[in-house]
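*Asks:*
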Amino acid sequence: ATQNPIESEGTYPLPEAQLDRFILRTTIGLPERADEVEIIRRRLARGTDEVALQPVTDAATFIAIQRSLEKVQVAEVIGSYVVDLVRATRAAAQLSVGASPRGTLAVLKLSRALAVIAGRDFVTPDDVRNVALPALAHRVVLTADAWARGTDTRDVITTALSSVPSPSWQ
266 ATQNPIESEG TYPLPEAQLD RFILRTTIGL PERADEVEII RRRLARGTDE VALQPVTDAA
326 TFIAIQRSLE KVQVAEVIGS YVVDLVRATR AAAQLSVGAS PRGTLAVLKL SRALAVIAGR
386 DFVTPDDVRN VALPALAHRV VLTADAWARG TDTRDVITTA LSSVPSPSWQ
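Sequential numbering of the sequence shown, starting at 266, is according to the working numbering.
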């Protein structure tokens, strides 16, 4: 699903239980000027709104890719690091709701995916740190006081990342 922060009039924020079912949240931002010009050029060249989509893979290959993530090794120390990081969100004074066990599992799954993208069959602390923000920031709820002070959930996750010691890794 997508969420447009600009066109939200008449819609309501999703409840915590529904937000927790999204594996990650990321923002794309706006394109650079040259990229936006390229968007116009491509649209004009296409000449129609109809687009013929071509599959990039078949169902069997997609399932095989999903299963391959299960083969990515997660050392016990890395699993403990993920748990400690998520638990730090539950103890954060600026949050009324910290990340749930779904958040823990999301960090684990995304860390494994990042390892595969990097060509590795094991997860590193850097993988965990790199996915923590998009995996957790939408799963937590600020206290009223933190919200009034302009705190962002991303700041709280960043603080958790800096406060939880990273395991030594070789």
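Don't be surprised by glycine CBs; every beta carbon is placed ideally from N, CA and C.
#1: Mapping the DSSP letters down to three states, classify VAL339 as helix, strand or coil.
#2: Keeping to the same chain, check which residues put their C-beta closer than 7 Å to that of VAL348; ignore five residues upstream and five downstream.
#3: From SER433 to ALA340, what does the alpha carbon distance come to, in whole angstroms?
#4: Can we count ARG306 as close to the ligand MG, meaning its CB is less than 7 Å from some heavy atom?
#5: Please determine, among GLU315, ALA353, PRO390, ARG307, the residue with the shortest C-alpha to C-alpha distance to SER376.
#6: Start and end of the beta strand (DSSP E) containing VAL388?
#7: Taking the Cβ atom as the reference point for each residue, do VAL372 and VAL393 lie within a distance shorter than 8 Å?
#8: Decide if ILE422 is buried, meaning its Cβ has at least 16 other Cβ atoms within 10 Å, or exposed.
#9: Report, in whole angstroms, the separation of the C-beta atoms of VAL337 and ASP410, which I expect to be a contact under 8 Å.
#10: Within this structure, are the beta carbons of VAL351 and LEU379 separated by less than 8 Å?
#11: Please list the terminal residues of the continuous beta strand (DSSP E) segment that includes LEU360.
#12: Hey, quick one: how far does the alpha helix (DSSP H) through PRO432 stretch, first residue to last?
#13: Classify PRO399 as buried or exposed, calling it buried when 16 or more other Cβ atoms lie within 10 Å of its own Cβ.
#14: Consult DSSP for VAL347 and reduce its assignment to one of helix, strand or coil.
#15: Alpha carbon to alpha carbon, how far is ALA425 from GLN319?
#16: Between GLU297 and ILE304, what straight-line distance do the alpha-carbon atoms span, to the nearest angstrom?
#17: Are the beta-carbon atoms belonging to LYS374 and LEU334 less than 8 Å from one another?
*Replies:* The relevant details are as follows:
#1: To locate residue 339, count along the sequence shown from 1; it is residue 74. Looking at VAL339 - three-state DSSP - the assignment turns out to be coil, as it is neither helix nor strand.
#2: Counting from one through the sequence shown, the residue named residue 348 turns up at place 83. Cβ neighbours of VAL348 beyond the five flanking positions: THR369.
#3: Your numbering for residue 433 matches position 168 in the sequence shown. Your numbering for residue 340 matches position 75 in the sequence shown. Going by the C-alpha atoms only, they are around 12 Å apart.
#4: Annotation note on the ligand MG: not contained in the displayed structure, which lists no ligands.
#5: As a first step, residue 376 must be located in the sequence shown, where it is residue number 111. Minimum Cα distance to SER376 is reached at PRO390.
#6: If you number the sequence shown from 1, residue 388 lands on position 123. Element bounds for VAL388: n/a, residue is neither H nor E.
#7: Position 107 of the sequence shown, counted from the first residue, corresponds to residue 372. Position 128 of the sequence shown, counted from the first residue, corresponds to residue 393. Contact: yes.
#8: What you label residue 422 is simply residue 157 of the sequence shown in a count that begins at 1. Label assigned to ILE422: buried.
#9: If you number the sequence shown from 1, residue 337 lands on position 72. If you number the sequence shown from 1, residue 410 lands on position 145. Going by Cβ atoms, the distance from VAL337 to ASP410 rounds to 40 Å, so no, they are not a contact pair.
#10: Numbered from 1 along the sequence shown, position 86 holds the residue referred to as residue 351. Numbered from 1 along the sequence shown, position 114 holds the residue referred to as residue 379. Taking 8 Å as the Cβ cut-off, VAL351 and LEU379 do not qualify as a contacting pair.
#11: Here residue 360 refers to the residue found at position 95 of the sequence shown. Start and end: 360-362.
#12: Residue 432 sits at position 167 when you count from the first residue of the sequence shown. No alpha helix (DSSP H) contains PRO432, which DSSP labels as neither H nor E.
#13: For this step, residue 399 is matched to residue 134 along the sequence shown. That one is buried.
#14: In the sequence shown, residue 347 corresponds to position 82, counting from 1. Helix.
#15: In the sequence shown, residue 425 corresponds to position 160, counting from 1. In the sequence shown, residue 319 corresponds to position 54, counting from 1. If I take the Cα positions, the gap works out to 42 Å.
#16: What you label residue 297 is simply residue 32 of the sequence shown in a count that begins at 1. What you label residue 304 is simply residue 39 of the sequence shown in a count that begins at 1. Straight-line Cα distance between these residues: approximately 11 Å.
#17: Position 109 of the sequence shown, counted from the first residue, corresponds to residue 374. Position 69 of the sequence shown, counted from the first residue, corresponds to residue 334. A contact, by the Cβ cut-off of 8 Å.
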